[in-house]
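Going by my numbering, the letters in the sequence shown line up with residues 510 to 741, in that order. Cβ atoms here follow ideal geometry from the backbone N, Cα and C, with glycine treated the same way.
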Amino acid sequence: MSLRFILPSILITATFAFLVSLGFWQLERADDKRSIEASIKQANTGSVELIRKEEGLQSKEYYEVRLQGKYLSDKQFIYDNQIVDQVSGYYVLTPYALEGQSKAILINRGFIPWNGRRDKLADIVIGHETREIKVQISKPIKRMELKPSEVGIQFPVLIQSIDLQDMADRAKVDFSSVIGLLDASASNGFIRKWEPYTGSIEKHIGYAVQWFLMALVLAIIGIRIAIKQRKK
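Written out as C-alpha coordinates, the structure is:
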(Lines of atoms letter the chains of each structure in order from A and count residues from 1; the text may use other names and numbers.)
(Lines give C-alpha, C1' and ligand atoms only; values in the text may rest on other atoms or scores of the structure.)
Protein backbone atom coordinates (compact mmCIF):
# COMPACT_ATOMS: atom_id res chain seq x y z
CA MET A 1 0.00 0.00 0.00
CA SER A 2 1.57 3.31 -1.08
CA LEU A 3 2.16 6.31 1.13
CA ARG A 4 -0.01 8.37 -1.25
CA PHE A 5 -2.98 6.21 -0.22
CA ILE A 6 -2.17 5.84 3.50
CA LEU A 7 -2.05 9.57 4.32
CA PRO A 8 -5.44 10.43 2.71
CA SER A 9 -6.95 7.36 4.41
CA ILE A 10 -5.76 8.53 7.82
CA LEU A 11 -7.07 12.05 7.16
CA ILE A 12 -10.46 10.80 5.96
CA THR A 13 -10.81 8.41 8.92
CA ALA A 14 -9.90 11.12 11.45
CA THR A 15 -12.30 13.62 9.86
CA PHE A 16 -15.07 11.00 9.75
CA ALA A 17 -14.62 10.25 13.45
CA PHE A 18 -14.64 13.98 14.24
CA LEU A 19 -17.88 14.60 12.31
CA VAL A 20 -19.59 11.64 13.97
CA SER A 21 -18.50 12.88 17.41
CA LEU A 22 -19.98 16.31 16.62
CA GLY A 23 -23.25 14.63 15.68
CA PHE A 24 -23.42 12.73 18.97
CA TRP A 25 -22.47 15.92 20.86
CA GLN A 26 -25.48 17.70 19.35
CA LEU A 27 -27.73 14.79 20.32
CA GLU A 28 -26.40 15.06 23.89
CA ARG A 29 -27.25 18.78 23.90
CA ALA A 30 -30.76 17.93 22.71
CA ASP A 31 -31.06 15.49 25.63
CA ASP A 32 -29.89 18.24 28.00
CA LYS A 33 -32.63 20.51 26.69
CA ARG A 34 -35.20 17.75 27.20
CA SER A 35 -34.04 17.49 30.81
CA ILE A 36 -34.46 21.24 31.24
CA GLU A 37 -37.94 21.08 29.76
CA ALA A 38 -38.83 18.26 32.14
CA SER A 39 -37.46 20.29 35.08
CA ILE A 40 -39.51 23.31 34.07
CA LYS A 41 -42.72 21.28 33.78
CA GLN A 42 -42.09 19.59 37.13
CA ALA A 43 -41.23 22.89 38.78
CA ASN A 44 -44.48 24.53 37.74
CA THR A 45 -47.04 21.77 38.21
CA GLY A 46 -47.81 22.56 41.85
CA SER A 47 -49.09 25.65 43.60
CA VAL A 48 -47.08 28.87 43.32
CA GLU A 49 -45.11 29.12 46.56
CA LEU A 50 -44.61 32.34 48.47
CA ILE A 51 -40.87 32.74 49.13
CA ARG A 52 -40.13 34.95 52.10
CA LYS A 53 -36.35 34.53 52.43
CA GLU A 54 -33.84 35.46 49.74
CA GLU A 55 -31.73 32.35 50.24
CA GLY A 56 -34.78 30.27 49.38
CA LEU A 57 -34.62 31.57 45.81
CA GLN A 58 -31.28 29.92 45.03
CA SER A 59 -32.83 26.47 44.56
CA LYS A 60 -35.86 27.73 42.62
CA GLU A 61 -34.46 28.17 39.12
CA TYR A 62 -37.29 27.72 36.54
CA TYR A 63 -39.88 27.81 39.34
CA GLU A 64 -42.74 30.26 39.42
CA VAL A 65 -42.86 31.86 42.86
CA ARG A 66 -44.61 34.69 44.66
CA LEU A 67 -42.64 37.48 46.32
CA GLN A 68 -43.59 40.27 48.69
CA GLY A 69 -41.80 43.60 48.79
CA LYS A 70 -41.61 46.86 46.87
CA TYR A 71 -39.99 48.14 43.68
CA LEU A 72 -37.12 50.63 43.83
CA SER A 73 -38.20 52.80 40.92
CA ASP A 74 -35.28 55.19 41.29
CA LYS A 75 -32.66 52.41 40.74
CA GLN A 76 -33.76 50.95 37.39
CA PHE A 77 -31.59 49.60 34.56
CA ILE A 78 -32.17 49.60 30.80
CA TYR A 79 -30.78 46.38 29.31
CA ASP A 80 -30.03 47.48 25.76
CA ASN A 81 -29.52 45.66 22.43
CA GLN A 82 -32.31 43.12 22.82
CA ILE A 83 -34.31 41.55 19.98
CA VAL A 84 -37.89 40.29 20.34
CA ASP A 85 -39.84 39.20 17.26
CA GLN A 86 -37.11 40.76 15.08
CA VAL A 87 -37.62 44.14 16.72
CA SER A 88 -34.79 45.88 18.58
CA GLY A 89 -35.34 47.36 21.99
CA TYR A 90 -34.51 46.95 25.66
CA TYR A 91 -35.53 45.12 28.82
CA VAL A 92 -36.49 47.06 31.94
CA LEU A 93 -34.75 45.70 35.04
CA THR A 94 -36.19 47.01 38.29
CA PRO A 95 -34.80 46.19 41.76
CA TYR A 96 -37.39 44.70 44.09
CA ALA A 97 -36.65 44.95 47.81
CA LEU A 98 -37.85 41.79 49.51
CA GLU A 99 -39.94 42.42 52.61
CA GLY A 100 -37.93 41.77 55.78
CA GLN A 101 -34.76 40.91 53.82
CA SER A 102 -31.50 42.80 53.36
CA LYS A 103 -31.22 41.82 49.69
CA ALA A 104 -33.19 42.84 46.63
CA ILE A 105 -33.85 40.86 43.47
CA LEU A 106 -33.74 42.31 39.97
CA ILE A 107 -37.08 41.94 38.23
CA ASN A 108 -37.17 41.90 34.43
CA ARG A 109 -40.44 43.71 33.74
CA GLY A 110 -40.34 43.03 30.02
CA PHE A 111 -39.32 44.33 26.62
CA ILE A 112 -39.89 47.76 25.08
CA PRO A 113 -39.05 48.47 21.39
CA TRP A 114 -37.01 51.56 20.60
CA ASN A 115 -39.27 52.40 17.63
CA GLY A 116 -36.55 54.58 16.15
CA ARG A 117 -36.36 56.77 19.27
CA ARG A 118 -33.15 55.88 21.08
CA ASP A 119 -33.11 59.39 22.55
CA LYS A 120 -36.31 58.82 24.52
CA LEU A 121 -37.24 56.06 26.96
CA ALA A 122 -40.76 54.86 27.56
CA ASP A 123 -42.43 55.66 30.87
CA ILE A 124 -41.05 53.00 33.22
CA VAL A 125 -41.82 54.70 36.54
CA ILE A 126 -43.50 52.46 39.09
CA GLY A 127 -44.78 53.13 42.61
CA HIS A 128 -42.86 52.25 45.78
CA GLU A 129 -45.80 50.70 47.63
CA THR A 130 -45.53 47.19 49.05
CA ARG A 131 -47.00 44.58 46.69
CA GLU A 132 -46.95 40.89 45.87
CA ILE A 133 -45.66 39.77 42.48
CA LYS A 134 -45.41 36.47 40.62
CA VAL A 135 -42.15 35.73 38.80
CA GLN A 136 -40.18 32.90 37.30
CA ILE A 137 -36.72 32.55 38.83
CA SER A 138 -33.83 32.61 36.38
CA LYS A 139 -30.06 32.76 36.57
CA PRO A 140 -28.65 35.67 34.57
CA ILE A 141 -26.19 34.96 31.78
CA LYS A 142 -23.50 37.56 31.24
CA ARG A 143 -23.18 37.91 27.49
CA MET A 144 -19.90 38.63 25.74
CA GLU A 145 -19.16 42.27 25.00
CA LEU A 146 -17.12 43.34 22.00
CA LYS A 147 -16.28 46.62 23.70
CA PRO A 148 -16.67 47.99 27.24
CA SER A 149 -20.12 49.31 28.10
CA GLU A 150 -20.61 53.04 28.21
CA VAL A 151 -22.53 53.17 31.48
CA GLY A 152 -24.14 56.37 32.62
CA ILE A 153 -24.21 57.67 36.17
CA GLN A 154 -27.87 58.68 36.35
CA PHE A 155 -30.76 56.24 36.69
CA PRO A 156 -32.21 54.61 34.76
CA VAL A 157 -28.76 53.32 33.80
CA LEU A 158 -28.17 51.92 30.30
CA ILE A 159 -26.28 48.58 30.37
CA GLN A 160 -25.09 46.15 27.67
CA SER A 161 -24.77 43.05 29.85
CA ILE A 162 -25.88 41.86 33.27
CA ASP A 163 -23.09 42.12 35.83
CA LEU A 164 -24.84 41.87 39.18
CA GLN A 165 -21.85 42.98 41.24
CA ASP A 166 -21.27 46.09 39.13
CA MET A 167 -24.98 46.88 39.12
CA ALA A 168 -25.16 46.43 42.88
CA ASP A 169 -22.26 48.85 43.33
CA ARG A 170 -23.95 51.46 41.14
CA ALA A 171 -27.35 51.12 42.77
CA LYS A 172 -25.94 50.77 46.30
CA VAL A 173 -28.22 47.74 46.64
CA ASP A 174 -27.26 44.18 47.60
CA PHE A 175 -28.68 42.00 44.82
CA SER A 176 -29.58 38.33 44.89
CA SER A 177 -27.63 36.13 42.47
CA VAL A 178 -30.86 35.25 40.63
CA ILE A 179 -33.34 37.44 38.77
CA GLY A 180 -37.11 37.30 38.44
CA LEU A 181 -39.00 37.28 35.14
CA LEU A 182 -42.28 39.06 35.77
CA ASP A 183 -45.30 36.90 35.00
CA ALA A 184 -47.03 37.75 31.72
CA SER A 185 -50.35 38.30 33.50
CA ALA A 186 -48.91 40.72 36.07
CA SER A 187 -49.50 44.45 35.87
CA ASN A 188 -46.76 47.08 35.62
CA GLY A 189 -44.90 45.10 32.97
CA PHE A 190 -44.18 45.33 29.27
CA ILE A 191 -43.83 42.72 26.48
CA ARG A 192 -43.00 39.37 28.11
CA LYS A 193 -42.16 36.32 25.98
CA TRP A 194 -39.84 34.44 28.26
CA GLU A 195 -37.73 31.56 26.99
CA PRO A 196 -36.29 29.58 29.94
CA TYR A 197 -33.43 28.18 27.87
CA THR A 198 -31.52 29.16 24.74
CA GLY A 199 -31.98 27.19 21.56
CA SER A 200 -34.40 24.38 20.79
CA ILE A 201 -34.28 20.62 20.76
CA GLU A 202 -35.14 20.58 17.06
CA LYS A 203 -32.21 22.83 16.25
CA HIS A 204 -29.71 20.49 17.91
CA ILE A 205 -31.23 17.47 16.20
CA GLY A 206 -30.96 19.32 12.88
CA TYR A 207 -27.29 20.05 13.52
CA ALA A 208 -26.71 16.40 14.42
CA VAL A 209 -28.29 15.25 11.15
CA GLN A 210 -26.05 17.67 9.23
CA TRP A 211 -22.89 16.33 10.87
CA PHE A 212 -23.95 12.72 10.29
CA LEU A 213 -24.74 13.44 6.63
CA MET A 214 -21.34 15.06 6.16
CA ALA A 215 -19.73 11.99 7.74
CA LEU A 216 -21.73 9.76 5.39
CA VAL A 217 -20.63 11.74 2.32
CA LEU A 218 -17.02 11.56 3.48
CA ALA A 219 -17.35 7.82 4.03
CA ILE A 220 -18.66 7.38 0.48
CA ILE A 221 -15.77 9.41 -0.89
CA GLY A 222 -13.33 7.28 1.10
CA ILE A 223 -14.86 4.05 -0.18
CA ARG A 224 -14.68 5.26 -3.79
CA ILE A 225 -11.03 6.21 -3.35
CA ALA A 226 -10.32 2.78 -1.87
CA ILE A 227 -12.05 1.03 -4.78
CA LYS A 228 -10.08 3.03 -7.33
CA GLN A 229 -6.84 2.27 -5.50
CA ARG A 230 -7.58 -1.47 -5.58
CA LYS A 231 -8.26 -1.41 -9.31
CA LYS A 232 -4.84 0.11 -9.84
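- Collapsing the DSSP output to three states places E704 in coil.
- For A606, the uninterrupted beta strand (DSSP E) segment begins and ends at 596-607.
- Within the DSSP secondary-structure output, Y588 pairs in a beta bridge with Y600, I668.
- Rounded to the nearest whole angstrom, the C-alpha separation of K629 and G619 is 17 Å.
- With respect to Y580, Y605 sits close: the two C-beta atoms are nearer than 7 Å.
- Annotation for L691: the continuous beta strand (DSSP E) segment containing it runs 684-691.
- If you look at R575, you'll find it in the beta strand (DSSP E) that goes 573-580.
- V726 and G598 have their C-alpha atoms spaced approximately 43 Å apart.
- Apart from sequence neighbours up to five positions away, the residues of its chain that approach I560 with a beta-carbon distance below 8 Å are L566, K569, V574, R575, L576, ordered along the chain.
- The C-beta distance from I633 to V601 rounds to 5 Å, short enough to meet the 8 Å contact threshold.
- In this model, N624 and I700 are separated by some 14 Å (Cα to Cα).
- For A631, no beta strand (DSSP E) segment is defined, and its DSSP state is neither H nor E.
- Around L691, the same chain offers I616, N617, R618, G619, I642, V644, G698, R701 as residues with beta carbons nearer than 7 Å, after the five sequence neighbours per side are excluded.
- Closest in alpha carbon position to A526, among F721, Q551, S685, is F721.
- Assigned with DSSP and collapsed to three states, F699 falls in coil, not helix or strand.
- Burial check for A547: the Cβ neighbour count within 10 Å stays below 16, so the residue is exposed.
- It is roughly 9 Å from the alpha-carbon of R640 to the alpha-carbon of E608.
- One thing to note: F684 has its Cβ no nearer than 7 Å to the Cβ of L667.
- Burial check for I592: the Cβ neighbour count within 10 Å stays below 16, so the residue is exposed.
- Here DSSP, grouped into helix, strand and coil, assigns R618 to strand.
- Pairing A539 with I714 gives a Cβ-Cβ distance under 7 Å.
- One alpha carbon belongs to I710, the other to M723, and they sit about 20 Å apart.
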